[in-house]
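Okay, so here's the structure we're looking at.
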Amino acid sequence: MKTDSIFYQIFQTLPTVLFELLGESPDQASGYKFDSVEVKELSFRFDGLFLPPADENKLIYFLEVQFQQRDNFYWDLFGEIFLYLKLYRPQQNWYAVAIFPNRSIDTAEPIQYQELFHSGRISRIYLDELGEKTGDSVGLGVLELVVAQQEQIRDKVVQLKEQVRVSLTEPMIQEKVLELVDKILVYKFPYLSSQELEAMFGLDELKQTRYFQDVKEEGKAEGKAEGKAEGKLEMIPLLLRLGLSVEAIASELNLDIELIRSRIAENKQSVDVKED
8 MKTDSIFYQI
18 FQTLPTVLFE
28 LLGESPDQAS
38 GYKFDSVEVK
48 ELSFRFDGLF
58 LPPADENKLI
68 YFLEVQFQQR
78 DNFYWDLFGE
88 IFLYLKLYRP
98 QQNWYAVAIF
108 PNRSIDTAEP
118 IQYQELFHSG
128 RISRIYLDEL
138 GEKTGDSVGL
148 GVLELVVAQQ
158 EQIRDKVVQL
168 KEQVRVSLTE
178 PMIQEKVLEL
188 VDKILVYKFP
198 YLSSQELEAM
208 FGLDELKQTR
218 YFQDVKEEGK
228 AEGKAEGKAE
238 GKLEMIPLLL
248 RLGLSVEAIA
258 SELNLDIELI
268 RSRIAENKQS
278 VDVKED
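For the sequence shown, this note's numbering assigns the number 8 to the initial residue and increments by one for each residue that follows.
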């Protein structure tokens with residue numbers, strides 16, 4: 008799994024999840040800017056950096072996600088942190104957060120940095136041990152899905168999508184989180200097609216997103232201008248981009264499946280559409 012990309016998107020979409028991992032109030036995320044910062048002197052990049060407003064006395068959080076065992080992990084992490092501090096000389100104090108899928112990926116504490124561990128400068132998070140800590144948190148639920156066993160995924164997806172509907176009021180955030188869930192599923196089931204994933208987990212939530220509704224509204228507008236059937240046919244390329252199969256498109260538009268196939272052929276779509 009391309010964890011760097013996934014985790015960057017998770018923390019960018021739901022910055023409160025960092026503070027939930029640390030057992031703090033999600034309100035602590037207020038004012039923080041999350042980014043992936045490159046330190047050019049040795050050309051390395053932090054997985055994530057939570058920067059507070061310059062005029063507020065809040066901690067800077069250095070975030071690293073490690074899914075492969077690496078003996079020099081802490082040497083690199085602390086070396087990069089101290090180089091960043093040397094180059095940028097921030098006014099605020101700092102804190103490090105290391106995220107692992109499980110304890111077996113973590114490595115021993117180098118004796119040269121033991122004072123940093125003992126002084127509470129770093130928290131180590133093991134995603135497979137979140138357990139009841141996730142509660143009703145959407146962000147923690149997304150993190151837990153990343154490391155979930157395949158036999159657990161269906162139940163977790165159902166629970167997570169329900170939490171999205173209940174807990175998130177902003178349609179744009181709902182859409183981004185559901186896109187993250189779908190992307191995680193693609194990474195966890197690389198041997199399944201989009202149609203097979205659709206059969207396993209459904210696209211009902213996707214059909215409720217603003218983007219999908221905009222597609223439908225666009226089709227309705229085109230239908231008024233060009234005639235009802237023709238307007239619906241103009242929606243086909245957009246629905247294909249949403250990942251719907253030929254059968255799903257025919258059902259959604261209430262059109263004959265052969266008419267859908269014919270329009271796809273006419274437009275010479277370069278999309279590989281796998282039919283159920």
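The beta-carbon is built from N, C-alpha and C at its ideal position, and this holds for glycine as well.
This one's a predicted model, so the numbers in the text were calculated from it and none came from an experiment.
Exposed or buried, which one is residue i when buried takes at least 16 other CB atoms within 10 Å?
i, result
"A105", "buried"
"V1", "The chain is shown only over 8 to 283; residue 1 falls outside these bounds and no answer can be derived."
"I118", "exposed"
"P108", "buried"
"Y95", "exposed"
"Y91", "buried"
"L210", "Because L210 carries a pLDDT of 46, less than 50, the predicted location of this residue cannot be relied on, and the following value inherits that uncertainty. Looking at its Cβ environment, which holds 16 or more other Cβ atoms inside 10 Å, L210 is buried."
"L66", "exposed"
"Q121", "exposed"
"S252", "buried"
"A36", "buried"
"L240", "buried"
"E259", "buried"
"D189", "buried"
"Y81", "buried"
In this structure, does DSSP put residue i in helix, strand or coil?
i, result
"I71", "Checking the sequence, you will find Glu at residue 71 rather than Ile. Three-state result, E71: strand."
"L199", "coil"
"L262", "coil"
"F53", "coil"
"D42", "strand"
"L58", "strand"
"Q76", "coil"
"S37", "coil"
"S190", "It should be noted that the sequence gives Lys, not Ser, for residue 190. Note: K190 maps to helix in three-state DSSP."
"L21", "coil"
"L6", "Residue 6 lies beyond the stretch modelled for the chain, which goes from 8 to 283, so this question has no answer here."
"S269", "helix"
"K65", "coil"
"E177", "coil"
"L29", "coil"
"S252", "coil"
"I13", "helix"
I'd like to check one pair, residue j with residue i: are the Cβ atoms closer than 7 Å?
i, j, result
"D143", "Q170", "yes"
"F41", "P60", "no"
"T20", "K140", "no"
"L150", "L134", "yes"
"L137", "L152", "no"
"Q16", "L187", "yes"
"F174", "V145", "In the sequence as displayed, the identity of residue 174 is Ser instead of Phe. Taking 7 Å as the Cβ cut-off, S174 and V145 qualify as a contacting pair."
Under 6 Å Cβ to Cβ from residue i, same chain only, skipping five residues before and after it: list those, please.
i, result
"V44", "F53, L56"
"L28", "I132"
"A155", "K163"
"A257", "I264, I267"
"K275", "Reliability of the predicted coordinates at K275 is poor, the pLDDT of 49 falling under 50, and no value is obtained from them."
"G86", "none"
"W101", "I67"
"Q181", "V171, L175"
Suppose the cutoff is 7 Å on Cβ atoms and the five residues either side in sequence are ignored; what does the same chain contact list for residue i look like?
i, result
"A103", "F69, L84, I88, R128, I129"
"R110", "Y133"
"F124", "E116"
"N64", "Q99"
"D113", "F107, R131"
"G38", "P59, P60, E63"
"P33", "T23, F26, E27"
"F14", "D54, V72"
Is there a C-beta anywhere in chain C that falls below 7 Å from the one on residue i?
i, result
"T114", "Absent from the structure is chain C; it holds one protein chain and no more."
Whose C-beta lies closer than 8 Å to the C-beta of residue i among residues of the same chain, with five residues either side of it excluded?
i, result
"I160", "L152, L192, K195"
Exercise for the section: Go through the segment 87-173 residue by residue and report every complete run of the beta strand (DSSP E) that reaches 3 residues or more, in order. Expected result: 101-107, 129-133
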